[in-house]
Amino acid sequence: MASIGSFFRRSLRRTVRKEGQEETSGAENNPPRGPQGKAAERSSILSSAGQFFFEYLVVVSLKKTSEGGYEPKITYQFPKRENLLKGQKEEEERLLQAIPLFCFPDGNTWAPVSDFKSETFSFVLTNVDGSRKIGYCRRLLPSGRGVRLPEVFCIISCLGCFGLFSKILDEVEKRRQISMAVIYPFMQGLRESPFPAPGRTVTIKSFIPESGTELIELTRPVDAHLEHVEFQALLQRLSPQLILHIFASAVLERRLIFLAEELSVLSQCIHAVAALLYPFTWAHTYIPVVPECLLDTVCCPTPFMVGIQMRHLERVLEQPMEEALIVDLSGGKIIQEVGDEEEILPIKLQQEVLSSLSRHNSNNNVHTPEEVNSLVSEAFVQFFVRLVGHYSSHIKWGRNGSGTFQERPFCKAIASRSCRRFAKRFVKTNMFCLFIEEAERSRIPQEAYFQRKIAEYQEQRRHRRDS
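Okay, so the sequence shown: first residue is 6 according to the working numbering, each after it adds one.
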């Protein structure tokens with residue numbers, strides 16, 4: 006356990022180019038090297054079609070220790086990999102060591118039970134090259150009689166699509182109630198199928214004893230930037246005003262700690278907060294559910310966004326932290342804040358976002374989850390469209406095809422004094438620097454959805470001027 010702890014402590018650093026210099030900042034679990042973090046993450050999390058659905062399926066079970074407690078261990082792995090190079094083997098060993106901690110992050114508090122409601126949650130790990138792996142977890146009680154221990158089925162994938170993998174875990178759980186042997190052919194069929202493009206469906210054939218061959222359809226959402234998020238979970242627990250306070254802290258890359266007892270609540274809400282930053286990406290420590298044994302390692306002096314179980318609140322409050330926002334998701338309140346959260350965002354843009362979120366709240370029951378995702382995302386995308394949507398006009402292109410962002414003219418072009426003041430702070434963040442670095446590499450703009458919203462906004466402004 007000590008070696009794993011030191012591995013995570015070493016990994017809470019990364020370097021990101023910022024105005025020609027290198028700075029140290031947090032990165033989740035095992036960070037990227039150099040300024041490629043955002044590009045690497047975009048290519049792995051919102052990945053292209055045609056890749057494998059997953060890298061591993063593992064089962065993590067609780068095994069009794071000599072001290073009488075329980076320790077999580079991998080008891081099943083598919084596929085088994087052979088003939089790996091030395092570096093690949095070392096990376097796999099680190100990954101397989103870390104997975105049990107995140108499948109049972111609540112520590113050594115388990116005892117056999119006869120009844121247990123299955124729960125779904127996820128975690129994120131980052132490789133040294135900047136690529137991210139997501140663990141999609143279903144904790145459930147094996148079929149049987151009498152008291153027994155829960156186990157976790159964990160799918161490791163570099164693809165970010167929580168809804169799709171939740172459906173896959175539904176199928177895994179259904180087969181687990183029959184036999185472990187029925188899971189293997191289903192996962193093999195899934196592994197042999199290409200990951201579908203946005204809006205497309207892939208059909209998996211799977212045989213179940215006494216039921217025959219089933220056709221399972223897996224459809225990927227049309228909007229790729231919304232396929233790993235469920236905003237409803239956040240809206241059900243926090244008021245629009247509190248969500249805006251959290252957003253304000255996140256855009257300035259402060260330290261954010263979310264508290265709840267349920268792992269599913271932590272992972273859903275933290276993914277939702279990170280998604281509010283689209284088209285920008287949180288580039289620091291990001292651990293939706295922190296294992297108990299690693300609590301001390303994440304309270305570092307660099308920015309982080311982490312989820313911690315409520316039972317550890319006292320231990321969290323003992324940590325020396327500046328500019329930290331601590332959010333109680335169960336109670337729907339903020340436990341600790343810096344105090345300037347209401348003053349960070351430009352008032353007019355803040356009111357527009359609040360108005361959009363309040364309209365959703367007053368009409369909460371008529372929206373599907375997809376409609377909620379779209380409505381909430383649109384409010385925050387418009388915030389960035391209005392604030393930085395003119396960025397491409399301030400990239401100076403050289404003859405060699407590379408661009409250079411002109412920061413001062415960009416800020417001066419903002420008419421509103423409050424927006425300009427905020428923009429001068431925002432352009433210093435790592436998330437903006439990484440976004441601009443990617444934009445400087447090619448005249449072909451990234452994030453097509455964001456570019457479409459910029460074009461729509463600019464067209465509306467031209468129309469208002471001409472009318």
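Even glycine gets a Cβ: it sits at the ideal position worked out from N, Cα and C.
Could you give the C-beta distance for I349 and L257, rounded to a whole number, given that I count them as a contact under 8 Å?
-> 6 Å
Separation of S148 from S119, as counted between CA atoms | 10 Å
Which residue comes first and which comes last in the beta strand (DSSP E) that contains V129?
-> E124 to T131
Over what stretch of residues does the beta strand (DSSP E) that includes S269 continue unbroken?
-> Segment L268 to A280 is the alpha helix (DSSP H) holding S269; no beta strand (DSSP E) there.
Kindly indicate the opening and closing residues of the beta strand (DSSP E) around C142.
-> R137 to L145
If you check the beta carbons only, do A329 and Y396 fall under 8 Å apart?
-> no
Taking Cβ positions, are L145 and R181 nearer each other than 8 Å?
-> yes
Could you check what DSSP says for V157 in three-state terms: helix, strand or coil?
-> strand
Do the CB positions of I79 and I104 come within less than 8 Å of each other?
-> yes
State the DSSP-derived secondary structure class of M326, mapped to helix, strand or coil.
-> coil
Once you ignore the five residues that flank G219 on each side, which residues in its own chain have a CB closer than 7 Å to its CB?
-> The sequence given here places Glu at residue 219; Gly does not occur at that position. Excluding residues within five positions, the ones whose Cβ falls inside 7 Å are S211 and I213.
Let me know the secondary structure DSSP gives L223 once reduced to three states.
-> strand
Figure out for me which residue from E346, C274 and V343 has the closest Cα to the Cα of I313.
-> C274
Sheet register partners of R260 (DSSP bridge) = F309 and A329
Among H289, P84 and E323, nearest to M310 - alpha-carbon criterion = H289
Apart from the five residues just before and just after D301, which ones in its own chain have a Cβ nearer than 8 Å to its Cβ?
-> Q324
With 16 other CB atoms within 10 Å as the buried threshold, where does H276 fall?
-> buried
What number of angstroms, rounded off, separates the C-alpha of H468 from the C-alpha of P190?
-> 57 Å
With DSSP collapsed to three states, give me the class of F57.
-> strand
Give the straight-line distance between the Cα atoms of V377 and G165, rounded to the nearest whole angstrom.
-> 19 Å
Return the chain-ordered list of same chain residues with a C-beta closer than 8 Å to the C-beta of R196, the five sequence neighbours on each side being excluded.
-> F57, F58, F59 and P84
Tell whether a beta-carbon distance below 8 Å holds between L247 and S382.
-> no
Is the distance from the Cβ of G351 to the Cβ of S421 below 8 Å?
-> Note that residue 351 is Pro in the sequence shown, not Gly. In this structure, S421 lies closer than 8 Å to P351 by Cβ.
Give a yes or no on whether the minimum CB-CB distance between R470 and chain D is below 8 Å.
-> Absent from the structure: chain D. Only one protein chain is present.
Within 8 Å, strictly: CB atoms of V65 and V187 | no
Does the beta-carbon of M185 have 16 or more other beta-carbons within 10 angstroms, so that it is buried, or is it exposed?
-> exposed
Can you tell me whether DSSP reads I352 as helix, strand or coil?
-> helix
Where E27 falls: helix, strand or coil (DSSP) = For E27, the pLDDT reaches just 36, beneath the cut-off of 50, and the residue's location in the model is therefore unreliable, although a value from the coordinates is still provided. Here E27 sits in strand by DSSP.
Using DSSP with H/G/I as helix, E/B as strand and the rest coil, what is L67?
-> strand
Under the three-state DSSP convention, the category Y283 falls into | coil
Taking C-beta to C-beta, are K401 and G408 nearer than 8 Å?
-> yes
Going along the chain, which residues of its own chain have a beta-carbon closer than 7 Å to the beta-carbon of P544, five neighbours each way excluded?
-> The chain is shown from 6 up to 472; residue 544 falls before or after that span and cannot be answered.
Which residues mark the beginning and the end of the alpha helix (DSSP H) in which F437 is found?
-> N435 to R446
Identify every residue that forms a DSSP beta bridge with K401.
-> T409
Any idea what DSSP makes of G168, helix, strand or coil?
-> helix
When the Cα atoms are used, what is the spatial distance from L101 to S71?
-> 22 Å
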